[in-house]
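Using UniProt numbering, the letters of the sequence shown correspond one by one to residues 1 to 103.
Note that CB positions come from ideal geometry on N, CA and C, so glycine has one too.
Have a look at the structure below, then the notes.
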Amino acid sequence: MCLGEWGELGQVVGFYSIVLFLLSIIFFFLKENVFRSWVKFSKYYLPVAFILILFTIASPQSGGWANSTFDSELASWWSAGLFALISMGIIVWKSWRLRRQKV
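Rendered as C-alpha coordinates:
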(Lines of atoms letter the chains of each structure in order from A and count residues from 1; the text may use other names and numbers.)
(Lines give C-alpha, C1' and ligand atoms only; values in the text may rest on other atoms or scores of the structure.)
Protein backbone atom coordinates (compact mmCIF):
# COMPACT_ATOMS: atom_id res chain seq x y z
CA MET A 1 0.00 0.00 0.00
CA CYS A 2 1.47 3.31 -1.06
CA LEU A 3 0.64 5.93 1.54
CA GLY A 4 3.35 8.47 0.86
CA GLU A 5 5.11 10.57 3.45
CA TRP A 6 1.93 11.84 5.12
CA GLY A 7 0.63 8.30 5.62
CA GLU A 8 3.85 7.29 7.31
CA LEU A 9 3.73 10.38 9.50
CA GLY A 10 0.16 9.46 10.42
CA GLN A 11 1.33 6.01 11.52
CA VAL A 12 3.92 7.54 13.82
CA VAL A 13 1.39 9.90 15.36
CA GLY A 14 -1.14 7.08 15.67
CA PHE A 15 1.22 4.64 17.39
CA TYR A 16 2.45 7.16 19.92
CA SER A 17 -1.06 8.50 20.53
CA ILE A 18 -2.26 5.04 21.53
CA VAL A 19 0.73 4.46 23.81
CA LEU A 20 0.43 7.89 25.45
CA PHE A 21 -3.32 7.46 25.96
CA LEU A 22 -2.82 4.14 27.75
CA LEU A 23 0.00 5.58 29.86
CA SER A 24 -2.11 8.60 30.81
CA ILE A 25 -4.79 6.30 32.20
CA ILE A 26 -2.15 4.54 34.31
CA PHE A 27 -0.59 7.83 35.51
CA PHE A 28 -3.97 9.06 36.66
CA PHE A 29 -3.83 6.55 39.53
CA LEU A 30 -0.15 6.95 40.46
CA LYS A 31 1.90 9.34 42.58
CA GLU A 32 3.38 12.51 41.10
CA ASN A 33 6.95 11.28 41.72
CA VAL A 34 6.37 8.37 39.37
CA PHE A 35 5.10 10.73 36.69
CA ARG A 36 8.09 13.04 37.08
CA SER A 37 10.50 10.13 36.68
CA TRP A 38 8.73 9.10 33.50
CA VAL A 39 8.82 12.67 32.13
CA LYS A 40 12.60 12.76 32.64
CA PHE A 41 12.88 9.63 30.49
CA SER A 42 10.41 10.69 27.82
CA LYS A 43 11.88 14.15 27.24
CA TYR A 44 15.05 12.46 25.94
CA TYR A 45 13.55 9.38 24.31
CA LEU A 46 10.85 11.00 22.16
CA PRO A 47 13.11 13.45 20.25
CA VAL A 48 15.63 10.68 19.52
CA ALA A 49 12.88 8.35 18.29
CA PHE A 50 11.39 11.15 16.19
CA ILE A 51 14.74 11.83 14.51
CA LEU A 52 15.23 8.11 13.83
CA ILE A 53 11.82 7.91 12.18
CA LEU A 54 12.47 11.07 10.16
CA PHE A 55 15.69 9.55 8.82
CA THR A 56 13.80 6.48 7.64
CA ILE A 57 11.07 8.60 6.01
CA ALA A 58 13.60 10.83 4.25
CA SER A 59 15.66 7.92 2.92
CA PRO A 60 14.97 6.14 -0.39
CA GLN A 61 12.33 3.41 -0.72
CA SER A 62 12.92 0.12 1.10
CA GLY A 63 16.08 1.30 2.67
CA GLY A 64 16.61 3.52 5.54
CA TRP A 65 20.06 3.66 6.94
CA ALA A 66 20.20 0.37 8.86
CA ASN A 67 19.44 -2.31 6.26
CA SER A 68 17.12 -3.01 3.36
CA THR A 69 14.12 -3.99 5.49
CA PHE A 70 14.24 -1.15 8.03
CA ASP A 71 11.65 1.42 6.95
CA SER A 72 9.66 4.10 8.73
CA GLU A 73 6.81 1.75 9.62
CA LEU A 74 9.16 -0.69 11.32
CA ALA A 75 10.94 2.20 13.04
CA SER A 76 7.57 3.46 14.30
CA TRP A 77 6.55 0.06 15.63
CA TRP A 78 9.88 -0.59 17.33
CA SER A 79 10.24 2.86 18.85
CA ALA A 80 6.63 2.97 20.12
CA GLY A 81 6.90 -0.56 21.50
CA LEU A 82 10.21 0.16 23.17
CA PHE A 83 8.79 3.39 24.57
CA ALA A 84 5.82 1.52 26.06
CA LEU A 85 8.03 -1.23 27.49
CA ILE A 86 10.53 1.14 29.10
CA SER A 87 7.71 3.36 30.39
CA MET A 88 6.03 0.41 32.07
CA GLY A 89 9.38 -0.58 33.59
CA ILE A 90 9.85 2.92 35.00
CA ILE A 91 6.31 2.95 36.38
CA VAL A 92 6.69 -0.42 38.09
CA TRP A 93 10.19 0.27 39.42
CA LYS A 94 9.46 3.74 40.76
CA SER A 95 6.12 2.68 42.29
CA TRP A 96 7.80 -0.27 44.00
CA ARG A 97 10.60 1.91 45.38
CA LEU A 98 8.18 4.54 46.69
CA ARG A 99 6.03 1.91 48.37
CA ARG A 100 9.10 0.27 49.89
CA GLN A 101 10.38 3.59 51.29
CA LYS A 102 7.10 4.28 53.07
CA VAL A 103 7.03 0.91 54.82
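Self-check item: Cβ separation of residue 76 and residue 12, assumed to be a contact under 8 Å, to the nearest whole Å
Solution: For a cut-off of 8 Å, the C-beta gap from residue 76 to residue 12 is around 5 Å, short enough to register as a contact.
Self-check item: Cα-Cα separation, residue 43 to residue 98
Solution: Spanning the two alpha carbons is a distance of roughly 22 Å.
Quiz item: Is the region 17 to 27 touching the region 43 to 54 in the sense that three or more CB pairs, one from each, lie closer than 8 Å?
Solution: Using a Cβ-Cβ distance cut-off of 8 Å, the region 43 to 54 and the region 17 to 27 are not in contact, since fewer than three pairs of beta carbons, one from each stretch, lie closer than that value.
Quiz item: Looking only at C-alpha atoms, which of 83, 19, 95 sits nearest to residue 48?
Solution: Per the Cα distances, 83.
Quiz item: Under three-state DSSP, which class holds residue 31?
Solution: Coil.
Practice problem: Find the nearest neighbour of residue 41 within the set 100, 72, 94, 31, judged by alpha-carbon distance. | Solution: In this structure, 94 is the residue among 100, 72, 94, 31 with its C-alpha nearest to the C-alpha of residue 41.
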